[in-house]
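Residue 1 is where the first sequence starts when you use the UniProt record's numbering, and the numbers rise one by one after that.
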Amino acid sequence: MNLASSVGLSTKPSLPSLHSLLNSYIESRNRKQALLLFRQLLEYNVKPNDLTFSLLLKACTSSSSSSSSSALNSVNVKRDANQIHTHLLKSGVDRFMYVSTALLDLYMKLGCVRNAHRLFDDMPDRDVVSWNALICGFSRNGCDFEALKLFVQMCKEGFFPHQTTLVSLVPSCDLEAAEHLFEEIVEKSVVSWNTMIGAYGQNGFFDEAMLAFKRMQEENVPANLVTMVSLLSANADPESTHCHATKTGLVNDASVITSLICQYATRRNTESGKLLYKSLPQKNLVSLTALMSSYTEKGDLFQVMSCFAHLQQLEMKLDAVAMVCILHGMKDPMGFCLGLAFHAYGLKSGLSADSLVANGLISLYSRFDKIETAFSLLSEIHEKTLISWNSLISGCVQAGRPSDALEVFFQMKMSGHSPDAITISSLLSGCCQLGYLQFGERLHNYILRNNHEVEDFVGTALIDMYIKCGRIEHAERVFKSIEEPCLATWNSMISGYSLYGLEHEALACFSEMQNQGIKPDKITFLGVLAACTHGGLVQEGRKHFQIMREQFNMVPDLQHYACMVGLFGRAGLFEEALMFIRNMEMEPDFAVWATLLSACCIHQEVKLGEYVARKLFFLDSNNGGFFVLMSNLYAVKGMWDEVARVREMMRESGGDGCSGISVIEMTSLEDMNVNLSSSKSSLNANAWQPLLSLY
DNA sequence: ATAGGGTTAG
């Protein structure tokens, strides 16, 4: 390839002319051209100086590849940085501190922490700027402890920390230390305030973020667009922030608009999001992605697609993030077809090579039980991240193939990844499906031994696993070890007690939860009502149903109604049950009537039972469950002719009444094969072999 | 120097 023509040079260039060319590449963010020019300069035996390197490094740092969000992570840039490093040493320009510092900064931005550190160690002299680049780099790459250690070392060596260094250290500290650092800053600039607001927000201290913002206003430091963005990501109220941004003129900024769209989306307000997007003078992909994501959350596929049409009208192209967002919205069969079309778009545009998009595709295919496709997608990812593995593991579990999930988990371990909270909670939920207590216990041990935090998700999954595997006392122990259980954790425990017929424990748990200031949701009430039903606590059930509607303004779902019908029916209060069904705000479904029929069986109510069975037949004649119930009801009353008639109807309708499968825990591979080789489960004994000796 | 859209989980 002719390098000269590719960068438009035909004669030996002078250094100043090369520098001005490099400057133009920096402006157009063209890393590749800048490097080509540099290579050509070497071919022409022009000696680069410190400015040449400085410009070249700037071109690398500011480079933005066409679409991928992970531009700076690419292997290519890392390779280029290493080459520049070599030439830097060869030419002796590394004696210029500012050039070495620029390279150090690039290494840090690429995540090459070790290279950066070595470069720093090799530097003959350091100044505050190079120290800052090093400390800031460690902090940005999540090496918080290192960053703090270096900060101390820097102070020991007599350097006075600059405000920048202090700011960059804030994310490395826990919050209290950050506050101390912050108070150390005498002249607090907008940037310092923004950093503190951001730190509060990222740690979930939303009230503190708001307080810091108020203090900042009191001290007459004017907010800028970063303040708005940080506030919004600290869950600030979108309306009042919107108001503030409008008054200060900051609402004209695209990133503020994007953040507002997102924050309105958390309140399910897509209408304001749409208006904000429309107000943008320059449409851009990031804001549009935020808007699409708000529609995705709401399940409004039509609006997602019209956003996509809008994007095409503007002749914009999707990038990886936008693609992932769209794929995430494909949740029904129609969506799956569209998802396939977007897979094709990804293949044509090259986007599907991005591991982000590949992960999104894996979840898409698993959502529709296409596990084989998901498997092959994973195998094609070159740099498999933990998220890629997790996507497939959770995909298998969701598709009802927990043993495949375990197989993938084993492969993941082999490839050198350690499970995180998401891996573990997915696997635990897979254990529930298999009733595989032993493996669940191993995961629990793994969590304890590796000091994994038993946080919301893992804690809830553990409790669920123990409950579904018959060990309520273990579930209780886990529950009691959690200091501040979240709503889902409380819900698990309440419905667990209810499942075991421990209605008083369930109700005690419910009131304890409210004492702790946790607001119940619909799932909580499902557990509470089920507890009342199981325990025959009619009055308690009535009371809680009323509390749910009147005190918490919730509209009951069909499941809540079914629960109540069961409560009345089991107590023999058939008139109340029927009145209740008549007064429902929605059409009773199969489950509601089936609950009543089952109560008829208990109380041998043949006449009502026949009436209900007819209802059920018209609602869903393919669901044969009510045949069995009816047949049992007649049998209890000794009405054998009727039993025979029902059995005959059952045969005619094709229902065999025995499609259930029981799974019991297997303690050896032989057991497993015996128990499951003939069932629907895709359990693969070979996959389990290594697991048994895993820990 | 501080920041904007996204994926995996109960």
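Beta carbons: idealized from backbone N, C-alpha and C, even for Gly. No experiment lies behind these values; they were computed from the predicted model shown.
Distance check for residue j and residue i, CA to CA, integer angstroms please.
i           : j           : result
residue 61  : residue 54  : 11 Å
residue 302 : residue 362 : 23 Å
residue 342 : residue 358 : 12 Å
residue 575 : residue 562 : 15 Å
residue 499 : residue 531 : 7 Å
residue 584 : residue 275 : 38 Å
residue 618 : residue 404 : 39 Å
residue 494 : residue 509 : 6 Å
residue 580 : residue 458 : 39 Å
residue 49  : residue 93  : 7 Å
residue 100 : residue 128 : 13 Å
residue 175 : residue 142 : 15 Å
residue 461 : residue 622 : 34 Å
residue 205 : residue 474 : 33 Å
residue 559 : residue 376 : 39 Å
residue 14  : residue 113 : 35 Å
residue 215 : residue 505 : 46 Å
residue 466 : residue 456 : 16 Å
residue 443 : residue 428 : 7 Å
residue 147 : residue 164 : 14 Å
residue 259 : residue 244 : 14 Å
residue 496 : residue 557 : 20 Å
residue 606 : residue 631 : 11 Å
residue 187 : residue 235 : 27 Å
residue 566 : residue 629 : 15 Å
residue 425 : residue 453 : 12 Å
residue 282 : residue 28  : 19 Å
residue 310 : residue 228 : 27 Å
residue 145 : residue 153 : 12 Å
residue 314 : residue 78  : 34 Å
residue 704 : residue 169 : The structure shown does not extend to residue 704, since the chain is modelled only from 1 through 695, so no value can be given for it.
residue 81  : residue 124 : 20 Å
residue 698 : residue 354 : A query on residue 698 cannot be resolved here, the shown segment of the chain reaching from 1 to 695 and no further.
Compute the beta-carbon to beta-carbon distance between residue i and residue j, rounded to the nearest angstrom, for a pair I have assumed lies under 8 Å.
i           : j           : result
residue 288 : residue 307 : 6 Å
residue 393 : residue 409 : 6 Å
residue 374 : residue 395 : 5 Å
residue 625 : residue 650 : With 8 Å as the limit, residue 625 and residue 650 do not qualify as a contact, their Cβ atoms being about 11 Å apart.
residue 578 : residue 609 : Actually they are not in contact, since the Cβ atoms of residue 578 and residue 609 sit about 13 Å apart, beyond 8 Å.
residue 57  : residue 103 : 6 Å
residue 564 : residue 529 : 7 Å
residue 107 : residue 119 : 7 Å
residue 715 : residue 178 : It is not possible to answer for residue 715, since the shown part of the chain is limited to 1 through 695.
residue 384 : residue 349 : Not really, about 22 Å apart at Cβ, beyond 8 Å.
Residues in its own chain within less than 8 Å of residue i by CB, not counting five upstream and five downstream?
i           : result
residue 19  : 51, 52, 55
residue 280 : 254, 257, 287
residue 224 : 190, 194, 250
By Cβ distance below 7 Å, which residues in the same chain neighbour residue i in space, the five residues on each side in sequence not counted?
i           : result
residue 612 : 593, 596, 597, 600
residue 387 : 359
residue 572 : 603
residue 339 : 327, 330, 364
residue 417 : 386, 389
residue 291 : 261, 273, 274, 277, 307
residue 325 : 289, 292, 293, 296
Starting from the C-beta of residue i, find all residues in its chain whose C-beta is less than 6 Å away, skip the five residues before and the five after it, and write them out in chain order.
i           : result
residue 678 : Because residue 678 sits at a pLDDT of 36, beneath the cut-off of 50, its placement in the model cannot be relied upon, and the following sentence gives the value as read from the coordinates. Cβ neighbours of residue 678 beyond the five flanking positions: none.
residue 210 : none
residue 492 : 460, 463, 464
residue 513 : 490
residue 96  : 50
residue 272 : 264
residue 515 : none
residue 137 : 108, 116
Continuous beta strand (DSSP E) assignments of at least 3 residues falling wholly in the UniProt repeat "PPR" (486-520)
If we require 3 residues or more, the UniProt repeat "PPR" (486-520) turns out to have no beta strand (DSSP E) run fully inside it.
Jot down the residue ranges of each uninterrupted beta strand (DSSP E) in the region 511-580, minimum 3 residues, whole runs only, in chain order.
Whole beta strand (DSSP E) segments, 3+ residues: zero.
Within the UniProt repeat "PPR" (385-419), ranges of the alpha helix (DSSP H) (whole runs, at least 4 residues):
Counting only runs of 4 or more, we get 386-398, 402-414.
At which residue ranges does the UniProt repeat "PPR" (127-161) contain complete beta strand (DSSP E) runs of 3 or more residues, listed in the order of the chain?
Qualifying beta strand (DSSP E) stretches: none in this window.
List, from N- to C-terminal side, the alpha helix (DSSP H) runs of 4 residues or more that fit wholly inside the UniProt repeat "PPR" (189-223).
Runs of the alpha helix (DSSP H) inside the UniProt repeat "PPR" (189-223): 190-202, 206-218.
Which ranges does the alpha helix (DSSP H) cover as unbroken runs of at least 4 residues, wholly within the region 250-301, from first to last along the chain?
Here the runs fully enclosed are 254-266, 270-278, 285-298.
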